[in-house]
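Residue numbers (the working numbering): 9 to 325. Notes follow the structure.
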């Protein structure tokens, strides 16, 4: 019976992590569309990134207070020896927060897409060679197929940009740091935003480059700008919390492979918004989608095997 309970517990954690990752990817895919509902200019990316941090802090404080978790936050924040680690983690993820909003607002979507296509490969390699996680045959094939798509995309993009490297290398370092110094996901996310809050507030106080855009928000949507920023905070907070939960519940290699779902969904959102691929871009997306299909098949096979194993243990116990 103990073996059955162990298999059941492992399966539950796996499915919960997969669900968190899938929902987070769906919500992240929604964020670029939401950003483009704001009248954009050259300063909008920085302004919206700062607003996201501010409203994420407010939302997390309300949530922690409602669930009586503020003492837990104070406990972790009062550990001064952990501050260097917390600050490094905040900087790493803060760059990602900023880039995900700044890039679409400044015509740099393609390098970000390439970075997010590369990220799962880096996570898989870190999981395999740093954490010694084993990959199934189908997972190795999925990695190879996805890698072919990424290499093709790099060739078409005529080299690597700093944006690609920041996405592909920054997030793995962040997740490795979080695993070395683990915190509850909601506490980790709150601390990250609190560490970034002084910079965000300073920018908002000193910047006046989006006042015209804010007035356009009122004109277009007949609502106060703060309601738009509140929505931005919600759209950026919930998926990141789910993303952190998934990273805690899934092996890093599987978590990395699940990361391919997000850019595919972003592509679908772009398609619905009227964007179309050029002929030379199709091979990358087709290879990535094929890799996801292989991953789904592998997940179904593993689920069937675990169910059969659980049934066998029940019959013999």
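All C-beta atoms in this analysis are idealised placements derived from N, C-alpha and C, irrespective of residue type, glycine included. On a predicted model such as this, the values are computed, not experimentally measured, just so you know.
- The three-state reading of DSSP puts residue 142 in coil, since its state is none of H, G, I, E or B.
- Boundaries of the alpha helix (DSSP H) harbouring residue 211: 193-214, taken from the DSSP string.
- Runs of the alpha helix (DSSP H) spanning 4 or more residues and lying entirely within the stretch 82-137 occur at 91-113, 117-137, in chain order.
- Between the stretch 60-67 and the stretch 202-210 there are three or more inter-stretch CB-CB distances shorter than 8 Å, so the stretches are counted as touching.
- Separation of the CB atoms of residue 200 and residue 101 is rounded to 5 Å, and the pair is thereby assigned contact status at 8 Å.
- Here DSSP, grouped into helix, strand and coil, assigns residue 54 to helix.
- A straight line joining the alpha-carbon of residue 184 with that of residue 85 spans about 20 Å.
- With three or more CB-CB distances shorter than 8 Å, the stretch 139-154 counts as touching the stretch 287-299.
- Contact fails between the stretch 126-144 and the stretch 91-109, because fewer than three Cβ pairs, one in each stretch, are under 8 Å apart.
- Around the C-beta of residue 35, 16 or more other C-beta atoms lie within 10 Å, and the residue is accordingly described as buried.
- Contact between residue 111 and residue 61 does not hold, since their C-beta atoms are separated by about 16 Å, which reaches or exceeds 8 Å.
- Taking 8 Å as the cut-off, the Cβ atoms of residue 196 and residue 186 count as close.
- In this structure, residue 149 and residue 302 form a Cβ contact; the two beta carbons are roughly 6 Å apart against a cut-off of 8 Å.
- Within the same chain, and ignoring the five residues on either side of residue 263 in sequence, the residues whose Cβ sits closer than 7 Å to its Cβ are 29, 131, 254, 255.
- The alpha-carbon separation between residue 173 and residue 69 amounts to approximately 33 Å.
- Looking at the backbone, the Cα of residue 146 and that of residue 265 are separated by about 11 Å.
- CA-to-CA, the gap between residue 96 and residue 292 works out to about 34 Å.
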